[in-house]
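Trainee:
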Amino acid sequence: MAKKVVLHIHTSCSVDSIMDKYLLLMMCKIRRIDCLAITDHNEVVNALSWREFLQLHGVNVIVGEEIFTNQGEIIGLFLEKKIASGMTVQETLDAIDQQNGVIYVPHPYDLSRKRTVLEYSALMEFKDRVQLIEVHNGRNRSKQYTLEQKRIGEQVGAVPVVGEDAHCFFELGRNYLVLPDFYDKRSFLCAISTPLAIHTSESMNIAHFVTKCVRAYKMAKEGRYNELYRAIKKKIRAYKYGAGNQSQ
Numbered sequence: 012m013a014k015k016v017v018l019h020i021h022t023s024c025s026v027d028s029i030m031d032k033y034l035l036l037m038m039c040k041i042r043r044i045d046c047l048a049i050t051d052h053n054e055v056v057n058a059l060s061w062r063e064f065l066q067l068h069g070v071n072v073i074v075g076e077e078i079f080t081n082q083g084e085i086i087g088l089f090l091e092k093k094i095a096s097g098m099t100v101q102e103t104l105d106a107i108d109q110q111n112g113v114i115y116v117p118h119p120y121d122l123s124r125k126r127t128v129l130e131y132s133a134l135m136e137f138k139d140r141v142q143l144i145e146v147h148n149g150r151n152r153s154k155q156y157t158l159e160q161k162r163i164g165e166q167v168g169a170v171p172v173v174g175e176d177a178h179c180f181f182e183l184g185r186n187y188l189v190l191p192d193f194y195d196k197r198s199f200l201c202a203i204s205t206p207l208a209i210h211t212s213e214s215m216n217i218a219h220f221v222t223k224c225v226r227a228y229k230m231a232k233e234g235r236y237n238e239l240y241r242a243i244k245k246k247i248r249a250y251k252y253g254a255g256n257q258s259q
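Remember, our numbering sits 11 above the position in the sequence shown when you count from 1.
Listed below in structure tokens is the structure:
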């Protein structure tokens, strides 16, 4: 039996999402999603603790983590323990391998979030270890990003996938794969190499705005006012610089 699978989603464990398990389940039922890869930023708590709840309601969960390395982000799938952020790329890949996980590179090209994109030099250095790579990300602000992601994906030679990268409930189910049935890591890798269908959608601008608001709200709630001030100041400076360029 075929499965509708959504890869790369975020929940309230991520600094820029407030997605709870009930909203997540509701959208899975509305969009008829059979399997989710929950990949919070530098955390696996919700993926692990929500797995049984979602499975009881017919939605399988792949536990993952979007890990910030010293050269950008890498996703590990089929994990059971959190992997520390801030390590080198090699240390992070080794940590995923130690859990017999799947190494997955998200958004290998995106000019709007350079800090989180895995550096090209590191990607090329370790390309033989990469098993999955996004050739479309649901938060791509430009079609050019998808074209570049596809080009880089071909250079790497890993299995191409689409990532939802949903942070808001209304984004969920817009970018997905339909795969042959699978039941573990090995059968998943076999299924994802021969997808029955792939569906992609353009980014929703409102989702980016909501994410910024959520990040600011969490900073304020946690008393991180200096960090919030710096973030706002940086945005204002970037806006003024951009507006100045446009007027020239």
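All C-beta atoms in this analysis are idealised placements derived from N, C-alpha and C, irrespective of residue type, glycine included. In this text the structure is predicted, and so the values were computed from the model without any measurement.
What are the start and end residues of each continuous alpha helix (DSSP H) run of 4 or more residues lying completely inside the stretch 114-181, in chain order?
Mentor: Here the runs fully enclosed are 131-136 and 154-167.
Trainee: Could you check what DSSP says for I86 in three-state terms: helix, strand or coil?
Mentor: If DSSP states are grouped into helix, strand and coil, I86 belongs with the strands.
Trainee: The beta strand (DSSP E) that contains D51, what's its start and end?
Mentor: Where D51 is concerned, the enclosing beta strand (DSSP E) stretches over C46 to H52.
Trainee: Have a look at D195, C46 and Y236 and flag the residue whose alpha-carbon is nearest the alpha-carbon of L36.
Mentor: Among D195, C46 and Y236, the Cα nearest to that of L36 is on C46.
Trainee: Skipping 5 residues on each side, what residues in its chain have a beta carbon closer than 7 Å to that of K15?
Mentor: So the qualifying residues of the chain are R43, I44, D45, Y187 and V189.
Trainee: For the stretch 93-100 against the stretch 209-225, are there 3 or more C-beta pairs whose distance is under 8 Å?
Mentor: No: fewer than three Cβ pairs fall under 8 Å.
Trainee: With burial defined as no fewer than 16 other Cβ atoms inside 10 Å of the residue's Cβ, what is the status of V56: buried or exposed?
Mentor: Flag for V56 reads exposed.
Trainee: Between the beta-carbon of V26 and the beta-carbon of H52, is there less than 8 Å?
Mentor: Closer than 8 Å, so yes.
Trainee: Use the C-beta contact count for L134: other C-beta atoms within 10 angstroms, 16 or more gives buried, fewer gives exposed.
Mentor: So L134 ends up on the buried side.
Trainee: I'd like the span of the alpha helix (DSSP H) that includes L36, first residue to last.
Mentor: Counting along the chain, the alpha helix (DSSP H) containing L36 begins and ends at K32 to I41.
Trainee: For my contact list, A58 and G75 are in at a C-beta cut-off of 8 Å; report their separation, rounded to the angstrom.
Mentor: Between G75 and A58 the Cβ distance is about 6 Å, and since that is below 8 Å, they are a contact.
Trainee: Can you find the residues in the same chain that come closer than 8 Å, C-beta to C-beta, to R241, ignoring five residues on each side of it along the sequence?
Mentor: Closer than 8 Å at the Cβ level, and outside the excluded window around R241, lies no residue.
Trainee: Can you tell me where the alpha helix (DSSP H) with E102 in it begins and where it stops?
Mentor: Run containing E102: V100 to Q109, per the alpha helix (DSSP H) assignment.
Trainee: Might you give, ordered along the chain, the residues of its own chain that have their beta carbon closer than 7 Å to the beta carbon of M38, omitting 5 neighbours on each side?
Mentor: Cβ neighbours of M38 beyond the five flanking positions: F180, L183 and G184.
Trainee: Decide if S153 is buried, meaning its Cβ has at least 16 other Cβ atoms within 10 Å, or exposed.
Mentor: Under this definition S153 is an exposed residue.
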